[in-house]
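Chains as they are written, first to last, in this note's numbering: chain U, 1 to 20; chain G, 1001 to 1236.
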């Protein structure tokens, strides 16, 4: 999970802004 | 005389059709680099944004959000490139020799060669020709895209049975759709099977694409975006 932080965050909460 | 109402079609496929994301536009790179490098930079930026859209899209596939978070991640880690490849292929169906990454990013063979994407060009056009010959419909495309994700053969699933049911639901939708559409493909009683038999080539093409982007990363020719790298990292 640690390795896939962005994916994890995106799936958990679609409203979290993600730094691409 | 009243005519019987036309069947409204398969619910799963209707849902997939409305969930289909709007196509993205490329943002042309304006750095003072060579034309070839600018094409690569533009392409990598587009694919990274497309990947973000893809993750949002997955949540709309009937049954996907009911899977555990760990399994959702596993399916996406396994199948993201196949879904991206199918998207590019579907946009390229109308072209005889270009790869249509976006309306404003169409690469012909010579441009791909110059950018070091010859292998990718050959593989993607091979798959595109296959679907062109079959006359792939929008309904078939969206169903195949969802099935690709469901069928990504991820190891160590938490809920293998739930994933199997998810896969079966999509398969059922495809079969139901094809059994009701033998008139549009006369004589193609085996169309659902034929579509599924394109999946090995799709996986092979996606593997080629992963190799290509890993090589670009290794050669440090193109700085890659965080999300794209994170997904690629799982494939190395």
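Cβ atoms here follow ideal geometry from the backbone N, Cα and C, with glycine treated the same way.
Below-7 Å beta-carbon distance, residue i vs any chain U residue
i	result
residue 1149 (chain G)	no
residue 1197 (chain G)	no
residue 1111 (chain G)	no
residue 1055 (chain G)	yes
residue 1230 (chain G)	yes
residue 1017 (chain G)	no
residue 1227 (chain G)	yes
residue 1175 (chain G)	no
residue 1081 (chain G)	no
residue 1073 (chain G)	yes
residue 1069 (chain G)	yes
Outcome for residue i when other beta-carbon atoms lying within 10 angstroms are tallied against a minimum of 16
i	result
residue 1 (chain U)	Its pLDDT being 49, under 50, residue 1 (chain U) is placed unreliably in this model, and the value from its coordinates should be taken loosely. It counts as exposed.
residue 1097 (chain G)	exposed
residue 1150 (chain G)	buried
residue 1189 (chain G)	exposed
residue 1058 (chain G)	buried
residue 1086 (chain G)	buried
residue 1143 (chain G)	buried
residue 1206 (chain G)	buried
residue 1178 (chain G)	buried
residue 1139 (chain G)	buried
residue 1203 (chain G)	buried
residue 1100 (chain G)	buried
CB contact flag (residue i, residue j, <7 Å)
i	j	result
residue 1050 (chain G)	residue 4 (chain U)	no
residue 1123 (chain G)	residue 1208 (chain G)	yes
residue 1132 (chain G)	residue 1093 (chain G)	yes
residue 1225 (chain G)	residue 1010 (chain G)	no
residue 1127 (chain G)	residue 1147 (chain G)	no
residue 1210 (chain G)	residue 1216 (chain G)	no
residue 1075 (chain G)	residue 1137 (chain G)	no
residue 1120 (chain G)	residue 1035 (chain G)	no
residue 10 (chain U)	residue 1055 (chain G)	yes
residue 1141 (chain G)	residue 1090 (chain G)	yes
residue 1166 (chain G)	residue 1063 (chain G)	yes
residue 1026 (chain G)	residue 1052 (chain G)	no
residue 6 (chain U)	residue 1201 (chain G)	no
DSSP beta-bridge partners of residue i
i	result
residue 1099 (chain G)	G:1107
CB contact below 7 Å: residue i versus chain G
i	result
residue 20 (chain U)	Reliability of the predicted coordinates at residue 20 (chain U) is poor, the pLDDT of 49 falling under 50, and no value is obtained from them.
residue 16 (chain U)	For residue 16 (chain U), the predicted model reports a pLDDT of 47, less than 50, meaning its position is unreliable; a value from the coordinates is still stated below. No, its Cβ sits nowhere closer than 7 Å to a Cβ of chain G.
residue 11 (chain U)	yes
Contacts that residue i makes with chain C (C-beta to C-beta distance below 9 Å)
i	result
residue 1233 (chain G)	Protein chains in the displayed structure are U and G, and chain C is not among them.
heavy atom of the ligand MG below 6 Å from residue i C-beta
i	result
residue 1165 (chain G)	Absence of the ligand MG is noted for the structure shown, with no ligands found whatsoever.
Item checked: Touch test, the region 1037-1047 of chain G against the region 1095-1106 of chain G, Cβ-Cβ under 8 Å, three pairs minimum -> The region 1037-1047 of chain G vs the region 1095-1106 of chain G: in contact.
Notebook entry, point to check: Given 8 Å as the limit, is there contact between the region 1069-1078 of chain G and the region 1150-1167 of chain G, that is, 3 or more CB pairs closer than that?
Noted result: Contact holds: three or more Cβ-Cβ distances are below 8 Å.
Note to self: I want to know whether the region 1011-1019 of chain G touches the region 1073-1084 of chain G - three or more CB-CB distances under 8 Å.
What the structure shows: Cβ pair count under 8 Å is below three, so no.
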